[in-house]
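Peer 1: Just so we're on the same page, the working numbering is the position in the sequence shown counted from 1, plus 141. From the three backbone atoms N, C-alpha and C, an ideal C-beta is built for every residue, glycine too.
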Amino acid sequence: MPPEPVRPKRILVVEDDPSIGLGLRINLEAEGYEVLVADDGERGFDLALNAHPDLILLDLMLPKRNGFEILDGLRKQGIATPVILLSARTEDIDKVTGLELGAEDYVCKPFSLAELLARIRAALRRSGGDVPRPVLAFGDLRIDFAARRILRGTEVVDITTTEFDVLACLVRDRGRALSREEIFRRVWGPNHHGTPRTIDNFLQQLRTKLEEDPQNPKYFKTVRGIGYRFDV
Numbered sequence: 142m143p144p145e146p147v148r149p150k151r152i153l154v155v156e157d158d159p160s161i162g163l164g165l166r167i168n169l170e171a172e173g174y175e176v177l178v179a180d181d182g183e184r185g186f187d188l189a190l191n192a193h194p195d196l197i198l199l200d201l202m203l204p205k206r207n208g209f210e211i212l213d214g215l216r217k218q219g220i221a222t223p224v225i226l227l228s229a230r231t232e233d234i235d236k237v238t239g240l241e242l243g244a245e246d247y248v249c250k251p252f253s254l255a256e257l258l259a260r261i262r263a264a265l266r267r268s269g270g271d272v273p274r275p276v277l278a279f280g281d282l283r284i285d286f287a288a289r290r291i292l293r294g295t296e297v298v299d300i301t302t303t304e305f306d307v308l309a310c311l312v313r314d315r316g317r318a319l320s321r322e323e324i325f326r327r328v329w330g331p332n333h334h335g336t337p338r339t340i341d342n343f344l345q346q347l348r349t350k351l352e353e354d355p356q357n358p359k360y361f362k363t364v365r366g367i368g369y370r371f372d373v
């Protein structure tokens with residue numbers, strides 16, 4: 142039997158500027174992507190929920206519902222589709238807010254098409270193929286990656302969006318040591334700058350919430366001189 146045809150990756154563009162929306166559609170289709178375009182927040186949110194895009198390019202300043210509201214709504218419903226925010230707003234607070242809500246990346250307008258395409262490819266690589274299995278069980282914990290929820294027995298573990306993203310990053314490469322810099326790049330994107338202490342703090346929070354003995358972790362291992370490793 143001939144192999145099944147590979148479906149092109151589907152990208153949803155939520156952008157109220159018609160010229161930008163059309164330009165992105167033309168260029169993304171030329172790259173082989175399937176493209177959907179929404180010109181307001183309500184339509185964009187509906188397509189994000191029901192059209193099953195592989196990636197979303199999301200403008201912040203939109204009619205009817207802004208980009209932050211869309212992103213927050215998706216994450217609260219357990220939709221983990223990677224989102225790249227597009228905005229003419231360059232303030233750090235906007236970038237931090239977007240990343241804390243679970244955006245994959247933040248690109249300032251005007252942007253280079255070549256750079257945007259590279260960021261799209263990187264985001265799709267991070268989210269595809271090596272995504273963790275839908276449910277991972279270890280100890281008395283169950284991690285549901287589709288719902289972005291962790292259960293200890295029947296109790297839901299309180300965990301933030303960014304804590305879950307760091308956990309998912311480590312689980313994708315379980316058994317392999319990841320440097321703090323690599324964790325930064327995967328979770329916050331290439332333009333985020335932080336200190337090693339930031340990653341240390343997130344790992345301490347994960348140990349406190351998920352390890353039976355946080356002082357002697359069984360799953361979240363420190364690899365001296367490198368970073369961290371998740372063992373199951």
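1) Should D233 go down as buried or exposed, given a rule of 16 or more other Cβ atoms within 10 Å for buried?
2) Label T222 either buried or exposed according to how many other C-beta atoms from any shown protein chain fall within 10 Å of its C-beta, with 16 as the threshold for buried.
3) Assign D213 to one of three DSSP states: helix, strand, or coil.
4) Quick check: does the Cβ of V237 come within less than 7 Å of any heavy atom belonging to the ligand MG?
5) What does I197 pair with, by DSSP beta-bridge criteria?
6) Give every residue of the same chain whose Cβ lies closer than 6 Å to the Cβ of R116, excluding the five residues on either side of it in the sequence, and list them in chain order.
7) Grouping DSSP H, G and I as helix and E and B as strand, with all else coil, what is R293?
8) In its own chain, which residues sit with a C-beta less than 7 Å from the C-beta of G270, not counting the 5 before and 5 after it?
9) R370 by DSSP, collapsed to three states: which one?
10) Run the CB neighbour count on I261, radius 10 Å, all protein chains shown included, and call it buried at 16 or more, exposed below.
11) For D157, which residues from the same chain have a beta carbon less than 8 Å from its beta carbon, with the 5 sequence-adjacent residues on both sides left out?
Peer 2: From the atom records:
1) Translated into the one-based positions of the sequence shown, residue 233 becomes position 92. Burial check for D233: the Cβ neighbour count within 10 Å stays below 16, so the residue is exposed.
2) Counted from its first residue, the sequence shown places residue 222 at position 81. Classification for T222: buried.
3) By 1-based counting over the sequence shown, the position of residue 213 is 72. D213 falls in the helix class under three-state DSSP.
4) As presented, the structure is devoid of all ligands, the ligand MG included, so that no description of it is given.
5) Residue 197 sits at position 56 when you count from the first residue of the sequence shown. Beta-bridge pairing links I197 to L153, V224.
6) Outside the shown range of the chain (142 to 373) lies residue 116, about which nothing can therefore be said.
7) Counting from one through the sequence shown, the residue named residue 293 turns up at place 152. Here R293 sits in strand by DSSP.
8) Walking along the sequence shown from the start, residue 270 turns up at place 129. Only weak support is given to the placement of G270: the predicted model assigns it a pLDDT of 38, under 50, and the value that follows is read from those uncertain coordinates. Taking G270 as the centre and dropping the five residues before and after it, the same chain places no C-beta closer than 7 Å to its C-beta.
9) Position 229 of the sequence shown, counting from 1, holds the residue named residue 370. Taken through DSSP and simplified to helix, strand or coil, R370 comes out as strand.
10) As a first step, residue 261 must be located in the sequence shown, where it is residue number 120. I261 is buried by the Cβ-count criterion.
11) Residue mapping note: residue 157 aligns to position 16 of the sequence shown, counting from 1. Non-local beta-carbon contacts of D157 in its own chain, meaning distances under 8 Å to residues more than five positions away in sequence, involve D180, D181, D200, M202, L203, P204 in chain order.
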